[in-house]
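Trainee: Before we start, here is the structure in question, set down as structure tokens.
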Amino acid sequence: MSRSERSPLLLAGLLAAAGTAHFAAPRRFDHIVPRSLPGSPRTWTHVSGAVELALAAGLALPRTRRAAALASAAFFVGVFPANVKMAVDWRHRPAPQRAAALGRLPLQVPLVLWARGVAKGAEGRS
């Protein structure tokens, strides 16, 4: 299997794992839901987990790959405020936790670029 064939499946796996984690350990995610969002943080945790699982399924299928990849890029941009909230909230935690929270911020860029690359690779194949 070539790299271009593996890439969408790896991204799908990442999103599936993250989506599953939102249901398996929701409390970890509830705390980073921005307070400005209406409703319960748990609802947002479950919604974002369900979206990640749906995106993973879309990426796994060649017919829906391009649309799912573009939606994944938008999703990675959309969850950035949660990562900012986490970095702000964790600014007084021990150095390793603080570093992990801060490290999530620039990680969004390669995730967006990865998803866009998958979309570009899926052009003409759907």
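Quick note on numbering: the sequence shown equals residues 2 to 127 in our numbering.
Think of the CB as a built atom: it goes at the ideal place given N, C-alpha and C, for glycine as much as any other residue.
As the structure is a computational prediction, the values presented were derived from the model and not from experiment.
(1) Looking only at its chain, what residues have a beta carbon closer than 6 Å to the beta carbon of Ala61, apart from the 5 residues adjacent to it on each side?
(2) What are the start and end residues of the alpha helix (DSSP H) that includes Ser49?
(3) Within a Cβ cutoff of 6 Å, which residues of the same chain sit near Gly131, ignoring the five residues on either side of it in sequence?
(4) Ala72 to Leu56, Cα distance in whole Å?
(5) Can you give the Cα-Cα distance for Gly104 and Ala88, rounded to whole angstroms?
(6) Leaving aside the five residues before and after Ala19 along the sequence, list all residues of the same chain whose C-beta is less than 8 Å from its C-beta, in chain order.
(7) Distance, Cα to Cα, Arg28 vs Thr65?
(8) Roughly how many angstroms separate the alpha carbons of Ala69 and Trp91, rounded to a whole number?
(9) So is Thr44 buried or exposed if we call it buried at 16+ other beta carbons inside 10 Å?
(10) To which residues of the same chain is Arg94 closer than 8 Å at the C-beta, ignoring the five residues directly before and after it?
(11) Suppose you measure from the CA of Ser127 to the CA of Pro63; what does that come to, to the nearest Å?
Mentor: If we stick to the structure as given:
(1) Counted from its first residue, the sequence shown places residue 61 at position 60. If we look at Ala61 and ignore the five residues flanking it on each side, its Cβ neighbours are Ala13.
(2) Along the sequence shown, read from residue 1 onward, the residue named residue 49 stands at position 48. Here the alpha helix (DSSP H) through Ser49 covers Pro42 to Ala61.
(3) Only positions 2 to 127 of the chain appear in the structure, and residue 131 is not among them; the question remains open.
(4) Start at 1 with the first residue of the sequence shown, and residue 72 comes out as number 71. Start at 1 with the first residue of the sequence shown, and residue 56 comes out as number 55. Computed Cα separation, rounded: 7 Å.
(5) Counting from one through the sequence shown, the residue named residue 104 turns up at place 103. Counting from one through the sequence shown, the residue named residue 88 turns up at place 87. Distance between the alpha carbons of Gly104 and Ala88 is about 9 Å.
(6) The residue given as residue 19 occupies position 18 in the sequence shown. For Ala19, the CB contacts under 8 Å within the same chain, skipping 5 residues up- and downstream, are Gly50 and Glu53 in chain order.
(7) Here residue 28 is taken as the residue at index 27 of the sequence shown, counted from 1. Here residue 65 is taken as the residue at index 64 of the sequence shown, counted from 1. Looking at the two C-alpha atoms, the distance is approximately 31 Å.
(8) Start at 1 with the first residue of the sequence shown, and residue 69 comes out as number 68. Start at 1 with the first residue of the sequence shown, and residue 91 comes out as number 90. Their backbone Cα atoms lie some 32 Å apart in a straight line.
(9) Your numbering for residue 44 matches position 43 in the sequence shown. Exposed is the call here.
(10) Working through the sequence shown from its first residue, we reach residue 94 at position 93. Excluding the 5 residues flanking it on each side, Arg94 has same chain C-beta neighbours closer than 8 Å at Ala102, in chain order.
(11) As a position in the sequence shown, residue 127 is number 126, starting the count at 1. As a position in the sequence shown, residue 63 is number 62, starting the count at 1. Because the pLDDT at Ser127 is just 49, under 50, the model does not fix this residue reliably, and the point stays unresolved.
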